[in-house]
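Inspection log for the structure reproduced underneath, given as structure tokens.
Residue numbers (the UniProt record's numbering): 1 to 1100.
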């Protein structure tokens, strides 16, 4: 039912879209379509809200915008880490001072000072000095100081150790006198008072210095932990070396408002209906989410501190107060009733609700600059708030697409009502300003100030376009100019095409130098009644002289066929006398009527069956499937009768022909569509719906599979498709582009004939040799570090001087990058004999596993140090060295072959050189020796992408891909194609081989969803979204930008490509090759499911 409705509405403009995901094609979306999402919103991410709210003080407006937000840090660089470390240390200093002051004020001093204490008193002095230094720097008192005491990291580590002992391990200070205790109390209290005005969150911080660590790209509480020690927090995110934001570290609110000793937060909905001017609606109702366990700062488990419903539903409720709900949820009315019981009934309307309103407004104002303005957009958000002990709301985060499922009795009532009220605001309020908005109230609408008119000087620069002049002056036919004007005004493409052909005919007439004078004056033109009695065609006496023109036979045959088929004409078409042409205006109107009637009566075409005319079936050389042949008319054309009486007689015969009954001919259009479905379903799974639509629109479509079909049905189809310009051409073969119309859409880009730069064999030999040097150093270095006794022996067969040779060559290679030899004239030249000796030692050491011969003159430590320096430098200029391995394998590919034909893997330079000299041209590519393996089996990734324009470059990447596995277990000792070449055209030959692992697919193919399931089971799913997919996208864009200069800029061309990628052990994608006309056959279950979808989406 939905399918039928969607097909009926597929051409209708969408009026409303409720988006459940971010996959919206904004470029092809109508500007009038109402969408429940904004194109670009970053404040709903943890990283985005952190960035924006650091600037929230610039948007403060009393009573309108004021956002309280716990301070947080985005861990993306070393500077961010250092800023967080300074904050953590200073918070620890204030935490110790606050704990000491509170203990002394409560009379618990004897508990914190004892003879068995382990914390020295100088720890308090250290904390006071650090807080005082912070106050001096904030008040700029440290500007005139000559020297400043430097605190080393080991001093901070020692202090933090004492702080952890006091706060978390319940250790005490060493014994102190009352004077010392009083002096410490006074200093600590004064320091805290001076710090308070520069540290507004001092009361929220507490004394335990807890921090909450959140992954930057996750939601619903996943991956969030609460940590207490600095080293634990640093270990959480220092394993990532990328500059991409990975974690957000936020200060934990240690003194929240508790209900029956249980932590909770508030979910508040708000609606944004316009980004500029900013318009915010806030829902009057909200709900509270409780934790399932009792609150405690000594236990950092998520069930105690994270109140997300997605987390708490995993745990059973602890023994709590009976007033708390079993569903861990209250609505705002229940919370207000609770506030009345504790004597705070007015706090909801005076503090909490206004505070949430100001926080939301302030957050949206800070992010407004980076919101994309689109008029017909709105979005519902969910803001999470925490209340401190003084009932002040603190904004934690803002969520897009908040969960609206009825998981509890509270949300079951509120969510459905909220969605109804959203529709009232965005639709009813738009059409009726007095419409009811439900529980939504307008809390902020930005006032747009109109700029003052410019009163200065007029600095407008005016110019005109320079048009290239014609090479030779040509006489323009006025009739032709009139036709071209009508062609531009015509709405139907068929009418435009017909007028275009008439323009071509007129250009031929004008080449014969026939003057363009009107035939008849308006007064002498025949009336409509006269034309109706003469069958719509009036042929004058001077037709015999008009036959001298080149178009006479063609035009006269069209006119007579038109009269025979009873095509009603709105005006009279006249054949002019000598030195005269048509009446242009009437001819255009006649042509337009001709096109309209021919299109409307195409499926109901009728033909004459009497003695003077007969139906002839068209053969393959005819232009139309069915034509009408009339013997008397053809005789008139051949002899070019000059008398008016014979023309009138012919007209009377035409009137009698129309009165006779005409046999009906079945419509060809259903047969054409069925023929397309029949032929294309079995040979190429092209988008049938798109083809059917194009055929119904009288658009000509060509396909090489259909044009070569020998049967009668395809022959009729091909004849029918010859009757107009080609609009769409899908071909797998080469084209003669000189015969392709510029407006024809083709699934290829023409070749520009640009010769590509290529490297010669000498350059490759240099690459091979330097790679061998680097590989020998790597193998020697890692084996010696593991166990040097197994690598270096007294009976070794490889000379250790080869290691020195490799070091020298690598250093020379690095010097070329660093331009170290730019001023040297004479460099050491290595002979071919020396290279052959080194490569022989390298083959024996790397391939044959021979040992290094020990000599006493070499110091192993210095040698290892030199190798390490070389390897560290080579990684800077040669990043690929880390996954190239040590075997120095190379792929040799014939440049003119495909589907893996002719590809071999070789090790030695002599083999590669001989192979290249025998088979030129070839491509030599470095083999990736350390790829990512699945069940110890090599695979590659086939990724489709579509290029629809080259200037400017426009690339669409398909959302899914598939993996192609090899048939045998991966091994560098076996260089057979079944082990290393994952092309499906190669591996299908080895399907009979038994798999070494039952988890591998029988058809050697996975789709991307199966690969993600595999990564999910290994706990590495985030690498797909964070490394693999972005890496593939960057590779494709970079490759196409590099090739853009050599690509044709033909407008109506597109091309579907297939890019092959290999993943390294670190999940980094490496581009192997890009295939034009990738194989789309249904060879496996995976391709039979994906290939038709890819082709359908290509047409769309």
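From the three backbone atoms N, C-alpha and C, an ideal C-beta is built for every residue, glycine too.
No experiment lies behind these values; they were computed from the predicted model shown.
Which of helix, strand or coil does DSSP assign to residue i?
i	result
residue 2	helix
residue 730	strand
residue 377	strand
residue 445	strand
residue 227	strand
residue 792	strand
residue 323	coil
residue 151	coil
residue 16	strand
residue 460	coil
residue 388	strand
residue 474	Residue placement at residue 474 is flagged as unreliable, the pLDDT there being 47, under the threshold of 50; a coordinate-derived value is accordingly withheld.
residue 439	coil
residue 156	helix
residue 743	coil
residue 837	helix
residue 1099	helix
residue 393	strand
residue 317	coil
residue 199	coil
residue 1053	strand
residue 42	coil
residue 345	coil
residue 205	helix
Alpha carbons only, please: which of the options is nearest the one belonging to residue i?
i	options	result
residue 104	157, 126, 180 and 29	180
residue 384	306, 970 and 734	306
residue 270	1045, 61, 422 and 732	422
residue 63	20, 191, 1086 and 358	358
residue 1026	962, 1093 and 215	215
residue 223	213, 151 and 231	213
residue 52	366, 19 and 296	366
residue 750	1067, 1046 and 896	1046
residue 260	231, 323 and 246	323
residue 766	869, 1015, 909 and 374	909
residue 208	839, 95 and 279	95
residue 831	906, 805 and 851	805
residue 439	417, 431 and 1012	417
residue 129	300, 11, 1057 and 195	195
residue 934	1098, 1063, 312 and 355	1063
residue 201	998, 836, 392 and 1010	392
residue 206	731, 887 and 102	102
residue 775	868, 792 and 739	868
Look up residue i in the DSSP assignment and give the residues it is bridged to.
i	result
residue 1073	1060
residue 382	269 and 399
residue 114	174
residue 953	950
residue 211	227 and 251
residue 74	248
residue 34	16
residue 65	61
residue 852	792 and 798
residue 119	173
residue 329	289
Under 8 Å by Cβ, that's how I've got residue i and residue j pegged, so tell me the actual separation to the nearest angstrom.
i	j	result
residue 925	residue 878	In fact, because the Cβ distance is near 16 Å, the residues do not count as touching under 8 Å.
residue 1149	residue 310	Because the chain spans 1 through 1100 in this model, residue 1149 falls outside it and cannot be assessed.
residue 256	residue 91	About 17 Å; that fails the 8 Å criterion.
Handout entry: Every unbroken beta strand (DSSP E) within the segment 252-315, with a cutoff of 3 residues, ordered by chain
Key = Correct list: 264-275 and 278-290.
Exercise for the section: May I have a chain-ordered list of the beta strand (DSSP E) segments no shorter than 3 residues that lie completely inside the segment 956-1044? Expected result: Segments of the beta strand (DSSP E) lying fully in the segment 956-1044: 1005-1007.
Practice task
With a floor of 4 residues, list each alpha helix (DSSP H) that falls wholly inside the segment 870-946, ordered by position along the chain.
Solution key: The qualifying runs are 909-918.
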